[in-house]
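Number of protein chains: 4
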Amino acid sequence: MTHVAIIYFSGNGHTHLMAEAVVAGAKQVSNTTVELLRITGDQITQGRWRDDEMLQKLNQADAIIFGSPTYMGGVAAQFKAFIDAASSVWFTQGWKDKVAGGFTHSGSPSGDKQGTLLYLMVNAMQHCMVWIGGTDVNPSSDAPDAVNRLGSYAGVMGQTAPDMTGKPAEVHQGDLLTAQNYGKRIAEAAQRWKMG
Amino acid sequence: MTHVAIIYFSGNGHTHLMAEAVVAGAKQVSNTTVELLRITGDQITQGRWRDDEMLQKLNQADAIIFGSPTYMGGVAAQFKAFIDAASSVWFTQGWKDKVAGGFTHSGSPSGDKQGTLLYLMVNAMQHCMVWIGGTDVNPSSDAPDAVNRLGSYAGVMGQTAPDMTGKPAEVHQGDLLTAQNYGKRIAEAAQRWKMG
Amino acid sequence: MTHVAIIYFSGNGHTHLMAEAVVAGAKQVSNTTVELLRITGDQITQGRWRDDEMLQKLNQADAIIFGSPTYMGGVAAQFKAFIDAASSVWFTQGWKDKVAGGFTHSGSPSGDKQGTLLYLMVNAMQHCMVWIGGTDVNPSSDAPDAVNRLGSYAGVMGQTAPDMTGKPAEVHQGDLLTAQNYGKRIAEAAQRWKMG
Amino acid sequence: MTHVAIIYFSGNGHTHLMAEAVVAGAKQVSNTTVELLRITGDQITQGRWRDDEMLQKLNQADAIIFGSPTYMGGVAAQFKAFIDAASSVWFTQGWKDKVAGGFTHSGSPSGDKQGTLLYLMVNAMQHCMVWIGGTDVNPSSDAPDAVNRLGSYAGVMGQTAPDMTGKPAEVHQGDLLTAQNYGKRIAEAAQRWKMG
Numbered sequence: 000m001t002h003v004a005i006i007y008f009s010g011n012g013h014t015h016l017m018a019e020a021v022v023a024g025a026k027q028v029s030n031t032t033v034e035l036l037r038i039t040g041d042q043i044t045q046g047r048w049r050d051d052e053m054l055q056k057l058n059q060a061d062a063i064i065f066g067s068p069t070y071m072g073g074v075a076a077q078f079k080a081f082i083d084a085a086s087s088v089w090f091t092q093g094w095k096d097k098v099a100g101g102f103t104h105s106g107s108p109s110g111d112k113q114g115t116l117l118y119l120m121v122n123a124m125q126h127c128m129v130w131i132g133g134t135d136v137n138p139s140s141d142a143p144d145a146v147n148r149l150g151s152y153a154g155v156m157g158q159t160a161p162d163m164t165g166k167p168a169e170v171h172q173g174d175l176l177t178a179q180n181y182g183k184r185i186a187e188a189a190q191r192w193k194m195g
Numbered sequence: 000m001t002h003v004a005i006i007y008f009s010g011n012g013h014t015h016l017m018a019e020a021v022v023a024g025a026k027q028v029s030n031t032t033v034e035l036l037r038i039t040g041d042q043i044t045q046g047r048w049r050d051d052e053m054l055q056k057l058n059q060a061d062a063i064i065f066g067s068p069t070y071m072g073g074v075a076a077q078f079k080a081f082i083d084a085a086s087s088v089w090f091t092q093g094w095k096d097k098v099a100g101g102f103t104h105s106g107s108p109s110g111d112k113q114g115t116l117l118y119l120m121v122n123a124m125q126h127c128m129v130w131i132g133g134t135d136v137n138p139s140s141d142a143p144d145a146v147n148r149l150g151s152y153a154g155v156m157g158q159t160a161p162d163m164t165g166k167p168a169e170v171h172q173g174d175l176l177t178a179q180n181y182g183k184r185i186a187e188a189a190q191r192w193k194m195g
Numbered sequence: 000m001t002h003v004a005i006i007y008f009s010g011n012g013h014t015h016l017m018a019e020a021v022v023a024g025a026k027q028v029s030n031t032t033v034e035l036l037r038i039t040g041d042q043i044t045q046g047r048w049r050d051d052e053m054l055q056k057l058n059q060a061d062a063i064i065f066g067s068p069t070y071m072g073g074v075a076a077q078f079k080a081f082i083d084a085a086s087s088v089w090f091t092q093g094w095k096d097k098v099a100g101g102f103t104h105s106g107s108p109s110g111d112k113q114g115t116l117l118y119l120m121v122n123a124m125q126h127c128m129v130w131i132g133g134t135d136v137n138p139s140s141d142a143p144d145a146v147n148r149l150g151s152y153a154g155v156m157g158q159t160a161p162d163m164t165g166k167p168a169e170v171h172q173g174d175l176l177t178a179q180n181y182g183k184r185i186a187e188a189a190q191r192w193k194m195g
Numbered sequence: 000m001t002h003v004a005i006i007y008f009s010g011n012g013h014t015h016l017m018a019e020a021v022v023a024g025a026k027q028v029s030n031t032t033v034e035l036l037r038i039t040g041d042q043i044t045q046g047r048w049r050d051d052e053m054l055q056k057l058n059q060a061d062a063i064i065f066g067s068p069t070y071m072g073g074v075a076a077q078f079k080a081f082i083d084a085a086s087s088v089w090f091t092q093g094w095k096d097k098v099a100g101g102f103t104h105s106g107s108p109s110g111d112k113q114g115t116l117l118y119l120m121v122n123a124m125q126h127c128m129v130w131i132g133g134t135d136v137n138p139s140s141d142a143p144d145a146v147n148r149l150g151s152y153a154g155v156m157g158q159t160a161p162d163m164t165g166k167p168a169e170v171h172q173g174d175l176l177t178a179q180n181y182g183k184r185i186a187e188a189a190q191r192w193k194m195g
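Here the protein sequences line up with chains A, B, C and D, keeping their order.
Heads up: the first sequence begins at 0 in numbering that gives the first Met the number 0, then just goes up one per residue.
Heads up: the second sequence begins at 0 in numbering that gives the first Met the number 0, then just goes up one per residue.
Heads up: the third sequence begins at 0 in numbering that gives the first Met the number 0, then just goes up one per residue.
Heads up: the fourth sequence begins at 0 in numbering that gives the first Met the number 0, then just goes up one per residue.
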């Protein structure tokens, strides 16, 4: 059995929809458990994140997929608070050789999201993890329902133009499908890597 | 009189169209000369770029705007060959305190173009230049004719879906308008910085 | 009169020493006021930073220098919480055309600090600021007392090998001198830019 | 049998010494062949790289380790010319699921080398490869003979202060040892990934 964990923060619900699509993809792979873990503001005191149970679940995973909106060109502060808290794991290299991946969402097509994915890789490399990027590397088109329409490679991007009318968060079909394919790819990679 | 130089490489003509739009914007500013310099393969021998006259023109500029397509996640090799040759200028800090900017183009909306702009900044910082980013930082929309529709901040991005029919290169109106505004902003910034 | 503000977070005191060196450099420039602003954990509630008075001081500055330790390959979460809160300023482009700079510190010579400085640039570009990098771009040597011994260009880096004996934080003389020169450069640039 | 290929460019010989150390490490792993491929200027015509035989060897490898000096904050132009030529492989995703890694060298401890490693990752992700970073993630010290003395995670860094006396290139013992450990790690990872 391979264990895949998705840990993410979502402010307005878009990254949450992306996370659910990643979960759906990972669940397509047999002999795989999938754990969805959401970071929340109330885990953070004086700027420091703490949730020992959540951290324990990550320690038991074979693959960890990191997800955050792109705010002001980087991961959300709440997500970074989790990352900083996981430095306790770094000291003992507790995540060494786990499979890693990442996804992000923002309001415009480019929107500095590549920087967020690069950062997620930087962090994963400090943990000595194995990074797996997106699988739909040849974008089929830039239409809203096309896989990898935005042209992302290191991980998955979603984009939704800001909406001020208060309706529930939505994400383009193409982005959700890309996220789903990615979840499947990570789960398969984790299985292959574990068997090796 | 302020001197603005745009130096760029273009393989398929898209980045060339972006460069022309930057020129058009810079020319809107009074008391400004604009020099458009195109890097070509025949300036490169054994992987090394050389064009003393072109380098001399850059040395005389108050602002240099760097442009390259994004190929395989970075500036084109031909453009990098120019950059490497300009290390001769770096040793004497000949471009210190010139104003700098950058633009890029690729086939998909994100398409790792942020990495290219970041690299152009990295190079400019080694030259101790002053970096000026885009002016249309609040994207008006993600429609093809909207300024900064892609959501780029460090410089300007253009995107055109690959076309295999052999027709001449085209760039979306919104991207060209963004490039034009950027050329104007850089020329104005160079003037202000020179006066100070 | 030119107003320079330094806003930073420091966990163990090293980045604080860097910040003080930047202040010392900026104060060497006549007709300049220097404001040192330290981000603290108690400004953060539920992961969100708030300090209206501090934000107001930044709004009044001509130049803002951003400083953060590099934790797990990026800015500290506490610093990012401030950045995210400043998105309220971004919406109205309240920091447009202010001069910007950055510095960071970590435990090893490279230590993913470049990524932190790049991120600080990314954020500044979203705010449409003018980025000024380091002035000592030709490292004089890699000896502990040499300016820019680490070879940083986009801003200033400091490095101190981790110490577990509990003695007060120290930073190499070369790094502090580099930070001091940088503070002076930013103050001069802000003055020049304001006059222009 | 697992096939590991190292492809690199070296101008002054330092990156070549790093490459040899990577080879030595990979050879420590049983049932592994190691191919050392050096990019040269005479493979480049009009700025375009071509060496079909070399590309063929990469196509047959299970793991590709990319190495380049950091020049002006990025990979050498000659190396980028190779990267751009490999876009022919990208179109058919010929390197998909190969293991990837990278190393770089420059004259100062930080010296914008992180940007080079990040770029190598960006390129590998476009090829849908599996990225494996360094293994010595907890730097033992910043002394010249210590593994990962520079604090690099995404791959391996070497640094040698510029020498103008014309003596043969040298690289610190710690950097070579780190490169050796990395070669071993990549070879082991390729084996594990292939078996899975």
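Ideal Cβ positions, reconstructed from N, Cα and C, are used throughout, including at glycine.
Using a C-beta to C-beta distance shorter than 7 Å, which residues of chain D count as neighbours of residue i?
i: Gly-101 of chain A; result: Residues of chain D passing the Cβ test: none, with the nearest at roughly 11 Å.
So what does residue i bridge to, in DSSP terms?
i: Gly-100 of chain D; result: D:Ile-64
i: Ile-38 of chain D; result: Answer by DSSP bridge pairing: none, since Ile-38 of chain D is not bridged.
i: Ser-105 of chain B; result: B:Gln-158
Using 10 angstroms around the beta-carbon of residue i, count the other beta-carbons present and answer buried if the total reaches 16, otherwise exposed.
i: Gln-113 of chain B; result: buried
i: Lys-97 of chain D; result: buried
i: Gly-46 of chain D; result: buried
i: Lys-79 of chain C; result: buried
i: Asp-141 of chain D; result: buried
i: Gln-59 of chain D; result: exposed
i: Asp-51 of chain D; result: exposed
i: Ser-105 of chain C; result: buried
i: Ser-67 of chain C; result: buried
i: Thr-103 of chain A; result: buried
Name the chain B residues that come within less than 8 Å of residue i, Cβ to Cβ?
i: Asp-41 of chain D; result: Gln-45
If you compare alpha carbons, which of the options is closest to residue i?
i: Gln-55 of chain A; options: A:Gly-73, A:Gly-132, A:Glu-34; result: A:Glu-34
i: Ala-123 of chain D; options: A:Arg-184, A:Thr-1, A:Tyr-152, A:Val-22; result: A:Tyr-152
i: Arg-37 of chain C; options: C:Thr-31, C:Ser-29, C:Arg-49, C:Val-28; result: C:Arg-49
i: Gln-125 of chain D; options: D:Trp-94, D:Ile-64, D:Pro-167; result: D:Trp-94
i: Tyr-70 of chain B; options: D:Ile-64, D:Ile-63, D:Leu-116, D:Ala-85; result: D:Ala-85
i: His-13 of chain B; options: B:Gln-172, B:Lys-193, B:Ala-168, B:Leu-57; result: B:Ala-168
i: Asp-174 of chain B; options: B:Ala-4, B:Ile-6, B:Val-3, B:Met-17; result: B:Met-17
i: Phe-65 of chain B; options: B:Tyr-118, B:Asn-30, B:Ser-107; result: B:Tyr-118
i: Ala-4 of chain B; options: B:Gly-195, B:Val-21, B:Gly-150; result: B:Val-21
i: Asp-61 of chain D; options: D:Val-129, D:Thr-159, D:Ala-23; result: D:Val-129
i: Pro-143 of chain D; options: D:Gly-154, D:Thr-134, D:Gln-172, D:Val-136; result: D:Gln-172
i: Val-146 of chain D; options: D:Thr-177, D:Gly-157, D:Leu-116; result: D:Thr-177
Would you say residue i reaches chain E, if we count a Cβ-Cβ gap shorter than 8 Å as a contact?
i: Val-121 of chain A; result: No chain E is present in this structure, whose protein chains are A, B, C and D.
Which chain A residues sit within Cβ distance under 8 Å of residue i?
i: Ala-153 of chain D; result: Met-120, Val-121, Met-124
Just the chain C side, please: which residues come within less than 7 Å of residue i by C-beta, in chain order?
i: Ser-107 of chain D; result: Pro-138, Asp-141, Leu-149, Gly-150
Measuring only the C-alpha atoms, how far is residue i from residue j?
i: Phe-8 of chain D; j: Ile-131 of chain A; result: 26 Å
i: Gly-182 of chain D; j: Gly-40 of chain D; result: 26 Å
i: Val-202 of chain B; j: Ala-25 of chain A; result: There is no way to answer for residue 202 of chain B, as the model of chain B reaches only from 0 to 195.
i: Pro-161 of chain A; j: Val-170 of chain A; result: 11 Å
i: Leu-149 of chain B; j: Gly-110 of chain A; result: 7 Å
i: Ala-186 of chain A; j: Ser-29 of chain A; result: 9 Å
i: Ala-189 of chain C; j: Arg-184 of chain B; result: 18 Å
i: Ala-166 of chain C; j: Phe-90 of chain A; result: The sequence as given places Lys at residue 166 of chain C; Ala does not occur at that position. So the alpha carbons of these two residues sit roughly 21 Å apart.
Given that residue i touches chain C, what residues does it touch there, using C-beta distances under 8 Å?
i: Lys-112 of chain D; result: Ser-109, Gln-113
i: Ala-160 of chain D; result: Ser-140, Asp-141
Chain D partners of residue i, CB-CB under 8 Å?
i: Met-156 of chain C; result: Ser-109
i: Gln-92 of chain A; result: Val-136, Asn-137
i: Met-194 of chain A; result: Met-194, Gly-195
Run down chain C in chain order and give the residues with a C-beta less than 9 Å from the C-beta of residue i.
i: Ile-82 of chain A; result: Tyr-70, Met-71, Gly-72, Gly-73, Ala-76
Report the neighbours of residue i on chain B: residues whose CB is nearer than 7 Å to its CB, in chain order.
i: Ser-86 of chain D; result: Tyr-70, Met-71
i: Lys-79 of chain D; result: Gly-73, Ala-76, Lys-79
Taking C-beta pairs closer than 7 Å, name the residues in chain A that residue i reaches, listed in chain order.
i: Ile-131 of chain D; result: Val-129
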